Amino acid sequence: MTKKALEQVMEFRRMMSGFWVSRLILTANNFNIFNHLTVPRSALAAAKILKTDGRATEIVLDALTAIGLLRKAAGKYRTSPMAANFLVDDAPYYQGDMVRHADTLWKNWSALDESLKKGKPTRKAENYRVFINAMNNNASLRVRDVVNALDLKGVRSALDLGGGPGTYSREMAGRGVDVTLFDLPDAIAIARKITKNAGARNIRFMAGDFLKNPIGTGYDLVFISQVLHSLSEREILSLLRKSRASLAPGGKIVIQEFSLDNERTSPVQGALFAVNMLVNTDAGRSYTAREIKGWLAKTGFSGVKEKRMNETVLITAGKKKT
Ligand SMILES: C[S@@+](CC[C@H](N)C(=O)[O-])C[C@H]1O[C@@H](n2cnc3c(N)ncnc32)[C@H](O)[C@@H]1O
0 MTKKALEQVM EFRRMMSGFW VSRLILTANN FNIFNHLTVP RSALAAAKIL
50 KTDGRATEIV LDALTAIGLL RKAAGKYRTS PMAANFLVDD APYYQGDMVR
100 HADTLWKNWS ALDESLKKGK PTRKAENYRV FINAMNNNAS LRVRDVVNAL
150 DLKGVRSALD LGGGPGTYSR EMAGRGVDVT LFDLPDAIAI ARKITKNAGA
200 RNIRFMAGDF LKNPIGTGYD LVFISQVLHS LSEREILSLL RKSRASLAPG
250 GKIVIQEFSL DNERTSPVQG ALFAVNMLVN TDAGRSYTAR EIKGWLAKTG
300 FSGVKEKRMN ETVLITAGKK KT
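Each residue of the sequence shown is one higher than the one before, starting from 0 at the first, in numbering that gives the first Met the number 0.
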């Protein structure tokens, strides 16, 4: 075997066993290991607190050390500085809910063989509270950059459609915009709580199903972030028409989605996210910016523009003044 071929096989093997690392992180988060090890502890001391098996705990803590999420010194383990940045409660960019959400997704991904045959999810593990909190973890990483890019000049009122935990709503409201956050009743209950704890104002909450219920009118901006990927093309067209009708003359729509090129094969994250939608939704997938722009033109928007962000793309279009 040539050196190059061997390197390729080893790289492939690392990729193939990627689930080992995933599972290890999901389990560590489920047992709150990163919080418990903010002070150094031996495996045995950790096992007592975690109520786990001593031998198993040592094996798992060693592996977590190997992947850089713990440090080990003099037989004691401690949360690494990297893990302390986002896996410990109250960390500024906390991602623990995202990890918990990934644990739910894991169950549905395990049925990919069946989904490939049937074209639909066959397992429907769901934890809505964890999902909405995870969306807050996720959006907190990019909310400032995205809202900067929205160009809120002249925007007095905005609709955050499918706004989930309200991360974007709070940022826009903080910049003086009257925001209406529309989502399903369960999401609204969580968003209300987070918003109250954050002491944010200027946010009106509207609970309903955006495919069936009225969404209000007279908005200068309709913002639809990370929502289209869970819908079918027919549902998207209907939502875009409804959004257009809800805008004041001269208002604009901004859509945020993960980037995906026209071949749907790059970036890797966009292509993999489509599989995530395959195993978790009836009709969702990742969509390309070209598809979204085409749907906006078809539903009567004009001046369609695209702006690339770090992991996502923002597509803006206007409703003509009448
Ligand atoms: C992936 S989350 C995105 C949340 C937020 N916009 C963000 O970017 O962080 C999708 C949101 O759409 C909401 N949603 C999905 N279908 C809906 C429907 N039929 N009516 C209202 N909201 C819906 C979900 O409850 C969820 O909050």
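Think of the CB as a built atom: it goes at the ideal place given N, C-alpha and C, for glycine as much as any other residue. A quick note: this is a predicted structure, and the numbers were derived from the prediction, not measured.
Residue 38: buried (16+ other C-beta within 10 angstroms of its C-beta) or exposed? Within the sequence shown, numbered from 1, the residue matching residue 38 stands at position 39. Burial call: exposed.
Any heavy atom of ligand 1 closer than 8 Å to the beta-carbon of residue 208? Within the sequence shown, numbered from 1, the residue matching residue 208 stands at position 209. At least one heavy atom of ligand 1 is nearer than 8 Å to the Cβ of residue 208, so yes.
For the candidate residues 54, 86, 207, 177, whose alpha-carbon lies nearest to that of residue 188? Translated into the one-based positions of the sequence shown, residue 188 becomes position 189. Ranking the options by Cα distance to residue 188, first place goes to 207.
So, is residue 291 buried or exposed, given that buried needs 16 or more other C-beta atoms within 10 angstroms? Walking along the sequence shown from the start, residue 291 turns up at place 292. When all chains shown are included, residue 291 counts as buried.
Does the separation of the CB atoms of residue 88 and residue 157 fall below 9 Å? In the sequence shown, residue 88 corresponds to position 89, counting from 1. In the sequence shown, residue 157 corresponds to position 158, counting from 1. The answer is no: Cβ separation not under 9 Å.
Does DSSP put residue 159 in a helix, a strand or coil? Position 160 of the sequence shown holds residue 159. Strand at residue 159.
Which residues does DSSP pair with residue 38 in a beta bridge? For the purposes of this step, residue 38 is taken as residue 39 along the sequence shown, with counting starting at 1. None; residue 38 has no bridge partner.
From residue 265 to residue 259, what distance separates their C-alpha atoms? Reading the sequence shown from its first residue, position 266 is the one you call residue 265. Reading the sequence shown from its first residue, position 260 is the one you call residue 259. Roughly 6 Å between the two C-alpha positions.
May I ask whether a heavy atom of ligand 1 can be found less than 8 Å away from the beta carbon of residue 224? Indexing the sequence shown from 1 puts residue 224 at position 225. At least one heavy atom of ligand 1 is nearer than 8 Å to the Cβ of residue 224, so yes.
Assuming the contact rule is C-beta atoms closer than 8 Å, residue 197 and residue 169 should be a hit. Round their C-beta distance to whole Å, please. Here residue 197 refers to the residue found at position 198 of the sequence shown. Here residue 169 refers to the residue found at position 170 of the sequence shown. The Cβ separation is near 6 Å, so the contact holds.
So, with DSSP's three-state summary, where would you put residue 118? Residue 118 sits at position 119 when you count from the first residue of the sequence shown. In this structure, residue 118 counts as coil in the three-state DSSP scheme.
Rounded C-alpha distance that separates residue 340 from residue 177: There is simply no residue 340 to check, as the chain begins at 0 and stops at 321 in what is shown.
Inter-residue spacing [alpha-carbon to alpha-carbon] between residue 100 and residue 314: In the sequence shown, the residue the question calls residue 100 occupies position 101. In the sequence shown, the residue the question calls residue 314 occupies position 315. Each residue's Cα considered, the two are about 27 Å apart.
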